[in-house]
Amino acid sequence: MWPTRGASGSAAAATKRGWRTPAAPSSTIRRSPPCRSRRRRTAASRTAPPHGRSRTPSPRGRRTSRDPDAGGGAERSPFFRRYVTSMTPFFRTLSAVLLSLAAFSCSRNEPVTVVPDPVPGTASITPIASYSIGTHVAEPSGIVHHPGRNALLVVSDSHPEVVELSFTGTFLSAVSTVSADLEGVALSRTADSIYVVEERTRSVVTYSANGTKLSSFTADVSTLPNNGLEGITVGADGNLFVLNEKAPGMILEFTRQGTEVRRMTLTYALDYSGLFYDGTADCLWVVSDESKKVMKLSMTGALIKEWLLPFTKGEGITIVRDTMYIVNDADAKLYVFTAPH
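Heads up, the sequence shown stops at 669 in my numbering, and the numbers go up one at a time, no gaps.
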């Protein structure tokens, strides 16, 4: 059932490169003052301007773009001015649309979450042991106890399999799956089915003990691909509790058939990376990677108590009697703690 496996600068330089320098203006060209040229115009020319264009005299002393002698750059045609005038509303509208889209994108993908600081005097917990499991499970992301086999089941987001380890991290066996990007694992109440969550697809998949895929459903959570499902556990009645990492952070409850029962929003940490149901105390345990802490929650999602961890990247959590196990994604280790109360 559980098969085993083995372990420049000058003008000359500019000309040489192909660049043309502008010719210096000739000092021999004499230009008539604009007022003199206007005096020589006939009455007919004033009443019938060329091409039928209307001419509005400029205020005295003001330089206009029609008077090349007045300086101020190249002459601008009426068509150019009409084009700029007609396009101004378009560019204003375009800018408003782009700003609105940017604001919407930021508010949708990265909502602002106010996370309270740890309560002063929050206790820290220290591991009593740690075991390297990277040879068998690189980047471990989920863990659960299998009482029937008296072992730990661990999954990784880098390998599509469920690995069985001893309590000291020794490899025992593995079952391959067709799932990828595994972030959490749980065992049914009868221990005959294994549940895993896929982060990017937001899927909950059920497998038999030998790795046969039985069913799957998708959790309706709108979030970024890498902020998806991170943990799963089975409650006392067999319902599934699924953990969403952040944006938003929440716990969703489903029936075994995939019908959503409820959802509980979490505001106690920067992210949430592992979930475990404690049948003895009838509560939920959650580990946070970024906030470096473990939280004990009621079944309604209320915070009961929290403890600080000595590391980040805690990705999976389970409790066996009075011992708590947490797998670390960064150093691929299994950390052992005395379960806090």
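Glycine included, each C-beta is placed from N, C-alpha and C at the ideal position.
Residue i - DSSP class collapsed to helix/strand/coil
i, result
"N555", "helix"
"T646", "strand"
"P468", "strand"
"A575", "coil"
"E618", "coil"
"R345", "Its pLDDT being 42, under 50, R345 is placed unreliably by the model, and nothing is read from it."
"D606", "strand"
"K624", "strand"
"T651", "strand"
"N656", "strand"
"E511", "strand"
"S516", "coil"
"P439", "Reliability fails at P439, whose pLDDT of 46 lies under 50, so the model's placement of it is uncertain and the value that follows must be treated cautiously. Three-state DSSP puts P439 in coil, outside helix and strand."
"E634", "strand"
"R506", "The question names Arg, yet the displayed sequence has Val at residue 506. Correct three-state label for V506: coil."
"R390", "Because R390 sits at a pLDDT of 47, beneath the cut-off of 50, its placement in the model cannot be relied upon, and the following sentence gives the value as read from the coordinates. R390 falls in the coil class under three-state DSSP."
"K641", "coil"
"E588", "strand"
"F665", "strand"
"F495", "coil"
"V524", "strand"
"T561", "strand"
"Y596", "coil"
"H474", "strand"
"S452", "strand"
"A537", "coil"
"S458", "strand"
"S531", "strand"
"A547", "coil"
"L500", "strand"
"S484", "strand"
Proximity to residue i [Cα-Cα], best of the options
i, options, result
"T496", "D617, S458 and E511", "S458"
"R584", "L571, G566 and A502", "G566"
"A466", "V655, S504, A564 and E634", "V655"
"E527", "L580, R590 and N554", "N554"
"R649", "T666, W635, K633 and E634", "T666"
"S536", "V525, G586, T529 and A519", "A519"
"T534", "A564, G563, L568 and A502", "L568"
"A609", "T593, I647 and M592", "I647"
"V472", "K541, V562, G539 and R530", "V562"
"D635", "H669, S626, F604 and S504", "The amino acid at residue 635 is misidentified as Asp; the sequence shows Trp. Looking at the Cα atoms, H669 is the closest of the given residues."
"A451", "G629, T651 and K633", "K633"
"L625", "L603, V506 and D617", "L603"
"P475", "S494, S460, T593 and M578", "S494"
"S507", "T587, S531 and R517", "S531"
"L631", "S484, S619, D617 and C611", "C611"
"I579", "I560, A502 and R477", "I560"
"S504", "S516, V482 and T587", "V482"
"I453", "V615, E492 and A564", "V615"
"T463", "G539, R477, S484 and R591", "S484"
"W613", "V589, Y653, S460 and G449", "Y653"
For residue j and residue i, believed in contact at Cβ under 8 Å, the rounded distance
i, j, result
"Y644", "G512", "Checking the displayed sequence, the identity of residue 644 turns out to be Gly instead of Tyr. At roughly 7 Å, the Cβ-Cβ gap stays under 8 Å, so G644 and G512 are in contact."
"Y600", "K574", "7 Å"
"N572", "L557", "6 Å"
"Y663", "P455", "4 Å"
"A479", "L500", "6 Å"
"V622", "V570", "Not really, about 19 Å apart at Cβ, beyond 8 Å."
"E618", "L598", "4 Å"
"S521", "L542", "7 Å"
Distance cut-off 7 Å: residue i Cβ against heavy atoms of the ligand NAP
i, result
"C611", "Because no ligand of any kind appears in the structure shown, any question about the ligand NAP cannot be addressed here."
Three or more C-beta pairs below 8 Å linking the stretch 653-661 and the stretch 630-645:
yes
Quick one: any contact between the stretch 478-498 and the stretch 543-556, if contact means 3 or more CB pairs under 8 Å?
no
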